[in-house]
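Enquirer:
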Amino acid sequence: MSTSILIIAHAPLAHALRECALHVFADCGDSVAALDVQPSAAPEASLAQARSLLEQLGTHSTLVLTDLFGATPCNIAQRLVDGVGSRLVAGVNLPMLLRAVSYRAEPLDAVVTRAVVGGTQGVMQVAIAAPQNQTRRNSHDQDPHDHQQ
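When we follow UniProt numbering, the leftmost residue of the sequence shown carries the number 1, and every step to the right adds one.
#1: Please report the distance separating the alpha-carbon of A48 from that of A127.
#2: What residues in its chain sit with their C-beta under 8 Å from that of residue 150, if we drop five residues either side in the sequence?
#3: Unbroken alpha helix (DSSP H) runs of length 4 or more, entirely within the UniProt domain "PTS EIIA type-4" (2-123): which are they?
#4: Check each candidate in L22, D30, D36 and H23 and name the one with the smallest Cα separation from A14.
#5: Looking at C-alpha atoms only, which residue of H60, G91, D67 and V92 is the closest neighbour of V84?
#6: Between the region 109-116 and the region 30-44, are three or more C-beta pairs nearer than 8 Å?
#7: Do C28 and A21 have their C-beta atoms closer together than 8 Å?
#8: With distance defined between alpha-carbon atoms, name the residue in R51, S86 and A16 nearest to P107.
#9: If we call anything under 8 Å between Cβ atoms a contact, is L65 one with V92?
#10: Tell me the rounded alpha-carbon separation between A90 and Q56.
#11: On the CB-based measure, 16 or more other CB atoms within 10 Å of its CB, does P43 come out buried or exposed?
#12: Give the DSSP-derived three-state secondary structure of A129 in the structure shown.
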């Protein structure tokens, strides 16, 4: 049994994350759905859309990912998730989603754990260094008309 994934986030984040997942895992379209919560949408209408998407996914095991704990998309997701056949994780990012998609064949509890670890490990400070085999410019070597970045 496969775990499906429903992303509920502020517009346009949910669909953008789904498109990124499809870019990496072209075969995940049937198991990943997205609901962009519009600023003008009534929460009840968004909840009805979320229920419809959950039903369309058609699995007994769903991981719901949302962007920001305490915000409207998360509040909608909390009303949707039952804690048995579906679980909710807030703070979605692309590493989290890709980890969940790549392990969606595992049981729901394992997918939740892998998603949280993937999301956490995907956040890191990256050291800035000169590109390989190139030297940094000296401050006196700057061309004021060079705007290339």
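All residues carry an ideal CB built from backbone N, CA and C; glycine is no exception.
Since this is a predicted model, take the numbers as computed values, not measurements.
Expert: Reading off the structure:
#1: 45 Å
#2: In the structure as shown, the chain begins at 1 and stops at 149. Residue 150 is therefore absent and cannot be evaluated.
#3: 13-24, 43-57, 72-80, 94-102 and 108-121
#4: D36
#5: H60
#6: no
#7: yes
#8: S86
#9: yes
#10: 22 Å
#11: exposed
#12: coil
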